[in-house]
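Enquirer:
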Amino acid sequence: MTELEKMIAGQLYNAGDTELVAERSKARALFVEYNAAGYDDKETKTAILKQLLGCFKGNIDIQSPFYCDYGFNITAGENLFMNFNCIVLDCAKVTFGDNVFLAPNVQLYTAYHPVIAAERIKGPEYAAPITIGNNVWLGGGVIVCPGVTIGDNTTIGAGSVVTKDVPANVLAAGNPCRVIRAL
Numbered sequence: 001m002t003e004l005e006k007m008i009a010g011q012l013y014n015a016g017d018t019e020l021v022a023e024r025s026k027a028r029a030l031f032v033e034y035n036a037a038g039y040d041d042k043e044t045k046t047a048i049l050k051q052l053l054g055c056f057k058g059n060i061d062i063q064s065p066f067y068c069d070y071g072f073n074i075t076a077g078e079n080l081f082m083n084f085n086c087i088v089l090d091c092a093k094v095t096f097g098d099n100v101f102l103a104p105n106v107q108l109y110t111a112y113h114p115v116i117a118a119e120r121i122k123g124p125e126y127a128a129p130i131t132i133g134n135n136v137w138l139g140g141g142v143i144v145c146p147g148v149t150i151g152d153n154t155t156i157g158a159g160s161v162v163t164k165d166v167p168a169n170v171l172a173a174g175n176p177c178r179v180i181r182a183l
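For the sequence shown, position 96 matches number 96 in the UniProt record's numbering, and the numbering has no gaps at all.
(1) Look up L30 in the DSSP assignment and say whether it is helix, strand or coil.
(2) For a minimum of 3 consecutive residues, which ranges assigned as the beta strand (DSSP E) are wholly contained in the region 44-77?
(3) Determine, using beta carbons only, whether L52 and D69 come nearer to each other than 8 Å.
(4) Once the 5 residues before and after T75 are set aside, which same chain residues still bring their CB inside 6 Å of it?
(5) What is the rounded straight-line gap between the Cα of G38 and the Cα of L102?
(6) Tell me the residue span of the alpha helix (DSSP H) that contains L4.
(7) With DSSP as the reference, label L171 as helix, strand or coil.
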C-alpha cells in the first residue's frame with residue numbers, strides 16, 4: 001500500500017514520502033498562482049480551482065489568500081464562500097455541502113499526530129475526514145479538528161474550536177465548541 005493510499009485510508013502514513021511531497025508542491029504552486037490572480041479575474045481563478053480542488057459545483061468564491069495541503073481531497077457543493085486567509089489541511093477528505101460560508105481565518109485540520117511522544121517523533125501521522133453540511137456558517141477564526149462532522153443549517157460562532165461532531169440546526173460556540181441553542 002502506498003503512503004498516499006494509507007493517508008486516504010486513515011492509517012499511519014509518512015508525509016515525507018516523495019509522492020506526497022510532489023502532490024503538496026503541485027498544490028502550493030497552484031494556490032500561489034490563485035492567490036496572485038487579480039480579484040476580478042474570475043476566469044483564471046476558476047480554471048486554477050478546477051486543477052486544484054477535487055471537485056465543486058456551480059458558484060465558488062474563495063478570497064485570497066487561501067492555503068491547502070493537497071487540494072484534491074476538497075469537494076464542495078453549490079455556493080461555497082471562503083473569506084480571507086482560510087486554511088484547509090486536506091490530508092483526508094474535506095467535504096462542503098451547499099451554501100457553506102467561512103468567515104476570515106477559518107482553519108480545517110484533517111491531519112493529526114500520535115499523542116505518545118516516542119511515536120510522534122518518528123514522523124508518521126494520521127488524517128481523518130471533515131464534513132460540513134448544507135447551509136453552514138463558520139464564524140471568524142473557527143478551527144475544525146480532524147474527524148469532525150457539522151450538521152446542516154448550523155452556525156459555529158467566531159473563535160470556536162470544534163473538537164467533536166456538531167448536530168444539525170444549532171448554534172454552537174466556544175472552546176471547546178458546544179451547542180448553545182437550537183435554531
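Idealized CB from N, CA, C, for every residue including glycine.
What you are looking at is a predicted structure, and each value in this text was computed from that prediction instead of being measured.
Expert: Reading off the structure:
(1) For L30, the three-state secondary structure derived from DSSP is helix.
(2) If we require 3 residues or more, the beta strand (DSSP E) runs fully inside the region 44-77 come out as 55-62 and 66-68.
(3) In this structure, D69 does not lie closer than 8 Å to L52 by Cβ.
(4) Here the set comprises G54, C55 and T95.
(5) Taking C-alpha positions only, G38 is separated from L102 by approximately 21 Å.
(6) The continuous alpha helix (DSSP H) containing L4 extends over residues E3 to A9.
(7) If DSSP states are grouped into helix, strand and coil, L171 belongs with the strands.
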